[in-house]
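Numbering (my numbering), first residue to last: 5 to 149.
Backbone N, C-alpha and C fix where the C-beta goes; we use that ideal spot for every residue, glycine too.
And the structure:
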């Protein structure tokens, strides 16, 4: 039984999770991912520094992305960040019917995953693991847990 749990965590592709390891997949998904992250950072009132940190790019790259002058391909880690952030954004908009969905990421939160920081601050500090935990936290709230 323990080996099944280990296999689940060791082989995310087998569990149906996207790994973004293929160059072709990353090129195909980059445009939509970048547009979505730009939109959600704007909706959350994020600064350029916060947008760059959330996506895992330099501020100069973020500036080029915002200006539409970037033609790169996101890395596996950057697409994972984008996917987690999109999941957070979508989950919040399913959970809250009003503008709270876009205010919530900026509000200090006493839940253990955030440690009295705002979810945006916690995700920037905690990187991909904290982004995934934030997404799971919101999914749990939506499920009534």
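Leaving out the 5 sequence neighbours to the left and right, which residues in its chain are closer than 8 Å to residue 42 when beta-carbon positions are compared?
Once the five neighbours on either side are set aside, the close Cβ partners of residue 42 are 55, 69 and 70.
Looking at residue 135: is its Cβ nearer than 8 Å to the Cβ of residue 88?
In this structure, residue 88 lies closer than 8 Å to residue 135 by Cβ.
Which value, in whole angstroms, describes the spacing of the CA atoms of residue 120 and residue 108?
13 Å
Output the distance between the C-alpha atoms of residue 37 and residue 60, rounded to the nearest integer angstrom.
13 Å
Residue range of the alpha helix (DSSP H) that residue 35 falls in?
27-47
Looking only at its own chain, which residues have a Cβ that is under 8 Å from the Cβ of residue 5, when we skip the five neighbours before and after it?
Bear in mind that a pLDDT of 39 at residue 5, under 50, signals an unreliable position, so the number given afterwards is only what the model happens to contain. Same-chain partners within the cutoff: there are none.
Measuring straight from C-alpha to C-alpha, what distance separates residue 32 and residue 93?
21 Å
Residue 128 and residue 99 - do their beta-carbons sit closer together than 8 Å?
no
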